[in-house]
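S.K.:
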Amino acid sequence: MDVNALALILGALICSVRGSEVEGYTKTAGAWILSLSGRKYSVMTAVECARKCDAETTFTCRSFIYIEKDQECRTVGQNSKSETVLRRSSTALYEKKVYLLECVNGIGTDYRGTKSRTKTGKLCQRWGVNSPHRPNYKPQTSPLADLESNFCRNPDADSGGPWCYTTDANTRWEHCNVSACSEDCIHCSGEDYRGKASTTEKGYTCQRWDSQQPHNHGYDPSVLSEKYLEGNYCRNPDGDPRPWCFTTNPAKRWDFCDIPRCTSEPPTIVPETTCFTGEGGSYRGTIGVTESGKTCQSWSSQTPHKHNRTPDNYPCKGLDNNYCRNPDNQRKPWCYTTDNETRWEYCQVPTCGDSAGPGNDAVIPPEEEDCYEDNGSSYRGITSQTVSGKRCQAWSSMTPHSHLKTPKDFPNADLRRNFCRNPDNDRAPWCYTTNPGVRWEYCNLEKCSTNAPKPTPGTATQPQSPTTEDSGQTERDCKIGNGETYRGKISITILGVTCQAWSAQSPHTHNSFTEETHGDKGLESNYCRNPDGDVNGPWCYTTDPNKKWDYCLIPDCAGLKCGSPAIKPKRCFGRIVGGCVSKPHSWPWQISLRTRSSRPGYYKIVLGIHTERAIEASRQVRDLEKLVLGPNGADIALLKLQTPALLNEKVIPACLPDKDYIVPSQTECYVTGWGETQGTGGNGVLKEAGFPVIENKICNRPAYLNGRVKDHEMCAGNIEGGTDSCQGDSGGPLVCHSNNRFILQGVTSWGLGCANPMKPGVYARVSKFIDWIKNTMELN
Numbered sequence: 049m050d051v052n053a054l055a056l057i058l059g060a061l062i063c064s065v066r067g068s069e070v071e072g073y074t075k076t077a078g079a080w081i082l083s084l085s086g087r088k089y090s091v092m093t094a095v096e097c098a099r100k101c102d103a104e105t106t107f108t109c110r111s112f113i114y115i116e117k118d119q120e121c122r123t124v125g126q127n128s129k130s131e132t133v134l135r136r137s138s139t140a141l142y143e144k145k146v147y148l149l150e151c152v153n154g155i156g157t158d159y160r161g162t163k164s165r166t167k168t169g170k171l172c173q174r175w176g177v178n179s180p181h182r183p184n185y186k187p188q189t190s191p192l193a194d195l196e197s198n199f200c201r202n203p204d205a206d207s208g209g210p211w212c213y214t215t216d217a218n219t220r221w222e223h224c225n226v227s228a229c230s231e232d233c234i235h236c237s238g239e240d241y242r243g244k245a246s247t248t249e250k251g252y253t254c255q256r257w258d259s260q261q262p263h264n265h266g267y268d269p270s271v272l273s274e275k276y277l278e279g280n281y282c283r284n285p286d287g288d289p290r291p292w293c294f295t296t297n298p299a300k301r302w303d304f305c306d307i308p309r310c311t312s313e314p315p316t317i318v319p320e321t322t323c324f325t326g327e328g329g330s331y332r333g334t335i336g337v338t339e340s341g342k343t344c345q346s347w348s349s350q351t352p353h354k355h356n357r358t359p360d361n362y363p364c365k366g367l368d369n370n371y372c373r374n375p376d377n378q379r380k381p382w383c384y385t386t387d388n389e390t391r392w393e394y395c396q397v398p399t400c401g402d403s404a405g406p407g408n409d410a411v412i413p414p415e416e417e418d419c420y421e422d423n424g425s426s427y428r429g430i431t432s433q434t435v436s437g438k439r440c441q442a443w444s445s446m447t448p449h450s451h452l453k454t455p456k457d458f459p460n461a462d463l464r465r466n467f468c469r470n471p472d473n474d475r476a477p478w479c480y481t482t483n484p485g486v487r488w489e490y491c492n493l494e495k496c497s498t499n500a501p502k503p504t505p506g507t508a509t510q511p512q513s514p515t516t517e518d519s520g521q522t523e524r525d526c527k528i529g530n531g532e533t534y535r536g537k538i539s540i541t542i543l544g545v546t547c548q549a550w551s552a553q554s555p556h557t558h559n560s561f562t563e564e565t566h567g568d569k570g571l572e573s574n575y576c577r578n579p580d581g582d583v584n585g586p587w588c589y590t591t592d593p594n595k596k597w598d599y600c601l602i603p604d605c606a607g608l609k610c611g612s613p614a615i616k617p618k619r620c621f622g623r624i625v626g627g628c629v630s631k632p633h634s635w636p637w638q639i640s641l642r643t644r645s646s647r648p649g650y651y652k653i654v655l656g657i658h659t660e661r662a663i664e665a666s667r668q669v670r671d672l673e674k675l676v677l678g679p680n681g682a683d684i685a686l687l688k689l690q691t692p693a694l695l696n697e698k699v700i701p702a703c704l705p706d707k708d709y710i711v712p713s714q715t716e717c718y719v720t721g722w723g724e725t726q727g728t729g730g731n732g733v734l735k736e737a738g739f740p741v742i743e744n745k746i747c748n749r750p751a752y753l754n755g756r757v758k759d760h761e762m763c764a765g766n767i768e769g770g771t772d773s774c775q776g777d778s779g780g781p782l783v784c785h786s787n788n789r790f791i792l793q794g795v796t797s798w799g800l801g802c803a804n805p806m807k808p809g810v811y812a813r814v815s816k817f818i819d820w821i822k823n824t825m826e827l828n
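Residue numbering for the sequence shown follows the working numbering, starting at 49 and increasing by one per position.
#1: If you check the beta carbons only, do Val133 and Trp80 fall under 9 Å apart?
#2: Leu675 and Leu686: beta carbons closer than 9 Å?
#3: Work out the CA separation of Trp478 and Ser138 for me, nearest whole Å.
#4: Ignore the nearest five residues each way along the sequence and tell me which others in Val177's own chain have a CB closer than 7 Å to its CB.
#5: Taking 8 Å as the cut-off, does the region 165 to 182 touch the region 99 to 107 (at least 3 CB pairs, one atom from each stretch)?
#6: Can you confirm whether the region 662 to 677 touches the region 570 to 582 when touching is taken to mean that 3 or more C-beta pairs between the two stretches lie within less than 8 Å?
#7: Is Glu761 helix, strand or coil when you go by DSSP?
#8: Should Tyr650 be labelled buried (16 or more other beta-carbon atoms within 10 Å of its own) or exposed?
#9: Quick one: give me the first and last residue of the alpha helix (DSSP H) that Asn96 is part of.
#10: Whole angstroms is fine: what's the gap from Gln433's alpha carbon to Glu660's?
#11: Given this structure, state the Cα-to-Cα distance separating Thr343 from Cys395, to the nearest angstrom.
#12: State yes or no: is the C-beta of Glu2 within less than 9 Å of the C-beta of Tyr267?
#13: I'd like to know if the region 582 to 597 and the region 543 to 555 are in contact, where contact means that at least 3 CB-CB pairs between them fall below 8 Å.
#14: May I have the straight-line CA-CA distance separating Asp580 from Gly765, to the nearest angstrom?
#15: Using only the alpha-carbon positions, how far apart do Asp671 and Gln690 sit?
#16: Just mark Gly536 as buried or exposed, buried being the case when its beta carbon has 16 or more other beta carbons within 10 Å.
#17: Using a threshold of 8 Å, is the CB atom of Trp637 nearer than that to any non-hydrogen atom of the ligand FMN?
#18: Count the other CB atoms, across all protein chains shown, that sit within 10 Å of the CB of Gly209; report buried if there are 16 or more and exposed otherwise.
#19: Where are the alpha helix (DSSP H) runs, 4 residues long or more, that stay fully inside the region 206 to 270, in chain order?
#20: Do Lys527 and Gly585 have their C-beta atoms closer together than 9 Å?
#21: Tell me whether the beta-carbon of Pro319 lies closer than 9 Å to the beta-carbon of Gly366.
#22: So if DSSP puts Lys527 in a beta bridge, which residue, or which two residues, is it bridged to?
#23: Who are the near neighbours of Ala461 in its chain, counting only those whose CB is closer than 6 Å to its CB and skipping five residues on each side?
#24: Give me, in chain order, the residues of the same chain whose beta-carbon lies closer than 7 Å to that of Trp488; leave out the 5 immediate sequence neighbours on both sides.
#25: Considering only DSSP beta bridges, list what Glu143 is partnered with.
#26: Can you tell me whether Leu54 is helix, strand or coil according to DSSP?
#27: How long is the line joining the alpha carbons of Ile767 and Met446, rounded to whole angstroms?
#28: For Gly287, which residues in the same chain have their Cβ closer than 8 Å to its Cβ, ignoring the five residues on either side in sequence?
#29: Answer with buried or exposed for Arg110, where buried requires no fewer than 16 other C-beta atoms within 10 angstroms of its C-beta.
#30: Rounded to whole angstroms, what is the Cα-Cα separation between Thr334 and Pro398?
#31: For Val741 versus Cys717, is the C-beta spacing smaller than 9 Å?
#32: If we ignore side chains and look at the alpha-carbon of each, how far apart do Arg623 and Gln638 end up?
#33: Answer yes or no: do Ser197 and Trp221 have a C-beta to C-beta separation smaller than 9 Å?
#34: Taking the alpha helix (DSSP H) that Lys745 belongs to, which residues open and close that run?
#35: Which of the three DSSP states, helix, strand or coil, is assigned to Thr296?
#36: Taking the C-alpha atoms as reference points, what is the distance between Ser554 and Thr562?
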């Protein structure tokens, strides 16, 4: 059977697997591997399953799969290094850490990695064969040495470390080039450095990544989980030449760390010579021309453009001649150009069988709703966030999760960038996540129609009298958040099947979720509940013998609220200059400030409009009572209206951020305005565009804004230029989508021209003014 078909059969619904981590194992939620060796058990917890794995004697147990809702444990003889990992609902793959290590402790008698070449590059002979060399050590005679495949091992405790017999008839055996686990060193630019160095080259102590003191920053460990921003250890999350950290010295924002280079061989890559996948870090072709036809400057040259992307600073990146490369985690391969007026450009390198890959800027359908029909296989929107708020991994990328759902293998699924899609006809759009511990999740999307499903004939009954999650109300049956506190009486699944009573053991037996085990979870009758805090919401065991459990379709209790427009915006890419015309009233917090004089009494505020002429019947016009300028000359102000605005579907405020919150680097945000379009169209109507936040550390580089951006400001934009907020957009909102709401994170402030490369827009950082906003409102 085809592997993709197996993934389809196994992939149904997913929930987060909660509970404590199991010591000695690495957990990946939503993952499943097929194994020829393994056993099945019924257990109550993942810890019990780990004990079963540790106790296996008929085979070497390297991992186990635990399915919480089924109380099922499967011990497995393989792991993700040797088998394809597939998606599966409500499962978690636990892998023994010892079998994932690619380094040695001591002389490496316990090494269980997958290195299979010697120090001189010779391929290892399989331990179980007798050619070209008859081995003294075999799997049968040395069962505890784990002589699997042709992997380097040390069955005789050789003082030189792991070794193997070679496939070279003239060389019987050689030691392998496996680095020591205690070796604190870096390969290449140290992107994969996981050591514990926490002092910079100038002697500063590193600031913790999860701290915002003394330096604010956008490298949030909870958002950038794939960067392993642990403790205060030196890391390289942004493509610098080597690891660095923010420092605990208020006068020194950040500094490089002095970590030696490893003497062992660097990680191998599979060179891509005719096209690229992901961000193109493996591209080693010979294209040396940019998208606009300019010739590339040699990487080792400093003319006409000086730079630090040199072969010495970026080893392992293939910076040969003037060939297009991506040494520093840009969007796709690029180069400096030989044109004095153009510092750098992206290159015209094709993506591998992917007409909709990350380097392709095909236009999103202009009227695309951010919702899906049926099972969402036709969804072509731009949502790239999961139901629990995790960022999606790019479909053409293999990190942090290797997978088979590539644009090349699914050419009709529109697997563009990291947008939510449904290539395998699952029940809803989904994506792989950038969190190494969660393989995939469904996306933060709703169906375009919110009508409840019709019951399947003969299998369902109508829900009982509706009640709300708040017992003090009786208008409608709804949930708050993920519905852990839901106590309504809906008892039908999303497919219209009647729920099995929680106290019943037929047609499905279960012991994990009963009134006895979870007395405070409301497990009465057969009502939908969420006793395990599933991110996807309430569920139940079903009365269908072929379907053990399923989710329930329960509406959200939230009504009109800040940051939640009644008309969903397009959320198109490219900024105001080069952006797109907005759908009318899809950004209902946008106002137009008008004046014929500098005196506050002559200001007018117009709300509820889409056209600059303000011809809509929905417009509200208010006089200004007071204007309060920002503290210490900051480019922000508060306006007090003489009469309150009427909040309705076309006039809704955006939400304020938490105090001092720093938007994580690369977060997609949106700006709107009626400003200068420089001939790109849309004059006179509201335009919008989306673009990523750029961390201040990067934005203040000499080639960007050269230290001009202050802590109470933030940068956002496409570093290649071509689009921008512009004259007339000043004071407009920069909003970022989070937890189903748009948060006002920035106020358009300044920039060096419009749409210039490496000159992103600068915005007042609203989170730095929360106290001032609240105090001003209380006093006025």
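All C-beta atoms in this analysis are idealised placements derived from N, C-alpha and C, irrespective of residue type, glycine included.
M.R.: Result, derived from the coordinates:
#1: Cβ distance < 9 Å, so Val133 and Trp80 count as in contact.
#2: Pairing Leu675 with Leu686 gives a Cβ-Cβ distance under 9 Å.
#3: Using only the alpha carbons, I get a separation of about 14 Å.
#4: Result list for Val177: empty, nothing under 7 Å.
#5: With a cut-off of 8 Å, the region 165 to 182 and the region 99 to 107 do not count as touching, because too few Cβ pairs lie within range.
#6: Contact between the region 570 to 582 and the region 662 to 677 is absent, because fewer than three Cβ pairs lie under 8 Å.
#7: Strand.
#8: It is exposed - the Cβ of Tyr650 has fewer than 16 other Cβ atoms within 10 Å.
#9: Sequence inspection shows Glu at residue 96; the Asn mentioned does not correspond to that position. 94 to 103 is the span of the alpha helix (DSSP H), which, as asked, contains Glu96.
#10: Their backbone Cα atoms lie some 33 Å apart in a straight line.
#11: Whole-angstrom Cα-Cα distance: 10 Å.
#12: Look at the range of the chain in this structure, 49 to 828, and you will see that residue 2 is not part of it.
#13: As far as the Cβ criterion goes, the region 582 to 597 touches the region 543 to 555, which means the pair count is three or higher.
#14: Straight-line Cα distance between these residues: approximately 40 Å.
#15: Approximately 6 Å, taken between the alpha carbons.
#16: Label assigned to Gly536: buried.
#17: Absence of the ligand FMN is noted for the structure shown, with no ligands found whatsoever.
#18: Gly209 is buried by the Cβ-count criterion.
#19: Runs found: none.
#20: In this structure, Gly585 lies closer than 9 Å to Lys527 by Cβ.
#21: A contact, by the Cβ cut-off of 9 Å.
#22: The beta-bridge partner set that DSSP reports for Lys527 consists of Asp604.
#23: Leaving aside the five residues that flank Ala461 on each side, the residues in its chain whose CB is nearer than 6 Å to its CB run, in chain order, Arg469, Pro471.
#24: Contacts found: Ile62, Gly78, Arg135, Trp478, Cys479, Tyr480, Thr481.
#25: When beta bridges are read from the DSSP output, Glu143 appears opposite Thr74, Ser111.
#26: Interpretation of Leu54 is limited by its pLDDT of 28, a score under 50 that renders its predicted location unreliable; the figure taken from the coordinates is listed afterwards. Here Leu54 sits in helix by DSSP.
#27: Straight-line spacing of the CA atoms in Ile767 and Met446 works out to 24 Å.
#28: Excluding residues within five positions, the ones whose Cβ falls inside 8 Å are Ser237, Glu239, Pro375, Asp376, Asn377, Gln378.
#29: By the Cβ neighbour-count rule, Arg110 is buried, with 16 or more other Cβ atoms within 10 Å of its own.
#30: In this structure, the alpha-carbon of Thr334 lies about 12 Å from that of Pro398.
#31: Inclusion of Val741 and Cys717 in the CB contact set at 9 Å is warranted, their separation being smaller than that value.
#32: Reliability fails at Arg623, whose pLDDT of 41 lies under 50, so the model's placement of it is uncertain and no value is given.
#33: Between Ser197 and Trp221, the C-beta spacing is not below 9 Å.
#34: Under the DSSP assignment, Lys745 falls in the alpha helix (DSSP H) whose first and last residues are 744 to 747.
#35: Thr296: coil per DSSP, three-state reduction.
#36: Ser554 and Thr562 have their C-alpha atoms some 13 Å from each other.
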